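Those letters in the sequence shown? Residues -8 to 132, per the working numbering, in order.
Here a beta-carbon is modelled for each residue, glycine too, at the ideal position from N, C-alpha and C.
Keep in mind the model is a prediction, meaning the values are calculated, not measured.
This report concerns only the one structure given below.
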Amino acid sequence: ELGADMNFWKLAIRPGQPVAFGKIQGKLAFGLPGNPVSSMVTFDQLVRPAMLKMGGHRKWERPVVKALFQESFSKHTDRRHFLRGILQQENGVLTVRTTGGQGSGILTSMVKANGFIDVPEEVESLKPGDSVNVQLLSRNF
């Protein structure tokens, strides 16, 4: 009805699978999920970089560091996961653990997090000591 030209309606990410993107009258349009954490993650991964890039910023991606994962985690290999994590330095080594429950309605997971643990689609499980990429949410780390 709006005359939107939709590019996609779902992405293979968690949280945030039900996200839409297209153009309405030539303008970019994002449809974010209804769950609070899903909305925050998809905004950070899609909308924020688009806005920064359109604004002429050259560095629109979040800084990424390698850290040692401190827990066990398993998932299906059909989606990329962005786990909310707490990154810290222990004896000169960067380590990361989740903020706890990763449900898309758990707002405290975003409050506690200082990084997103990026678990690629093809990774089925992580164990303590595995090296992971962490997107920094704060430049003060």
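Next on the checklist: Taking 8 Å as the limit between beta carbons, can you name the residues of its chain near Met(-3), skipping five residues before and five after?
Outcome noted: The sequence position of residue -3 within the sequence shown is 6, counting from 1. Beyond the five residues adjoining it in sequence on each side, Met(-3) comes within less than 8 Å, by CB distance, of Ala11, Phe12 and Gly13 in the same chain, given in chain order.
Next on the checklist: Can you tell me whether Pro6 is buried or exposed? The criterion is at least 16 other CB atoms within 10 Å of its CB, across all chains shown.
Outcome noted: Taking the first residue of the sequence shown as 1, we reach residue 6 at position 15. With 16 or more other Cβ atoms within 10 Å, it is buried.
Checklist entry - Which first and last residues belong to the alpha helix (DSSP H) in which Ser122 is found? => result Within the sequence shown, the letter at position 131 stands for residue 122. No alpha helix (DSSP H) contains Ser122, which is instead part of the beta strand (DSSP E) from Ser122 to Leu127.
Item to check | Closest Cα partner of Val32 within the set Pro119, Gly76 and Ser122 | outcome: Taking the first residue of the sequence shown as 1, we reach residue 32 at position 41. Looking at the Cα atoms, Gly76 is the closest of the given residues.
Item to check | Pick from Gly17, Lys44, Gly94 and Val84 that is closest to Ser29, judged by C-alpha positions | outcome: Within the sequence shown, numbered from 1, the residue matching residue 29 stands at position 38. Nearest of Gly17, Lys44, Gly94 and Val84 to Ser29, Cα basis: Gly94.
Checklist entry - Assuming Leu19 contacts Ala41 under a Cβ cut-off of 8 Å, what Cβ separation, rounded to an integer in Å, is found between them? => result Here the question's residue 19 lines up with position 28 in the sequence shown. Here the question's residue 41 lines up with position 50 in the sequence shown. Here Leu19 really is in contact with Ala41; their C-beta atoms are around 6 Å apart, less than 8 Å.
Checklist entry - Can you list the beta strand (DSSP E) stretches of 3 or more residues lying completely in the stretch 62 to 106, in chain order? => result Considered as a whole, the stretch 62 to 106 harbours 71 to 81 and 84 to 89 as its complete beta strand (DSSP E) runs of no fewer than 3 residues, in chain order.
Checklist entry - Hey, how far is the Cα of Ala3 from the Cα of Pro111? => result Numbered from 1 along the sequence shown, position 12 holds the residue referred to as residue 3. Numbered from 1 along the sequence shown, position 120 holds the residue referred to as residue 111. Approximately 10 Å, taken between the alpha carbons.
Next on the checklist: Could you pull the DSSP bridge partners for Lys14 from this structure?
Outcome noted: Here residue 14 refers to the residue found at position 23 of the sequence shown. In the DSSP secondary-structure assignment, Lys14 is bridged to Asp(-4) and Leu19.
Checklist entry - Does DSSP put Leu117 in a helix, in a strand, or in coil? => result As a first step, residue 117 must be located in the sequence shown, where it is residue number 126. Strand.
Item to check | Nearest candidate by alpha-carbon position, reference Leu85, set Ala104, Ser122, Ser65 and Arg53 | outcome: Taking the first residue of the sequence shown as 1, we reach residue 85 at position 94. Answer by Cα proximity: Ser122.
Next on the checklist: Can you look up Arg39 in the DSSP assignment and give me helix, strand or coil?
Outcome noted: If you number the sequence shown from 1, residue 39 lands on position 48. Arg39: helix per DSSP, three-state reduction.
Checklist entry - Among Pro9, Gly22 and Lys57, which has the Cα closest to the Cα of Ala(-5)? => result Residue -5 sits at position 4 when you count from the first residue of the sequence shown. Its Cα nearest to that of Ala(-5), the residue Gly22 stands out among Pro9, Gly22 and Lys57.
Next on the checklist: Based on DSSP bridge pairs, tell me the residues matched to Leu59.
Outcome noted: Residue numbering aside, residue 59 sits at position 68 when the sequence shown is read from its first letter. Its beta-bridge partners are Thr86 and Ser122.
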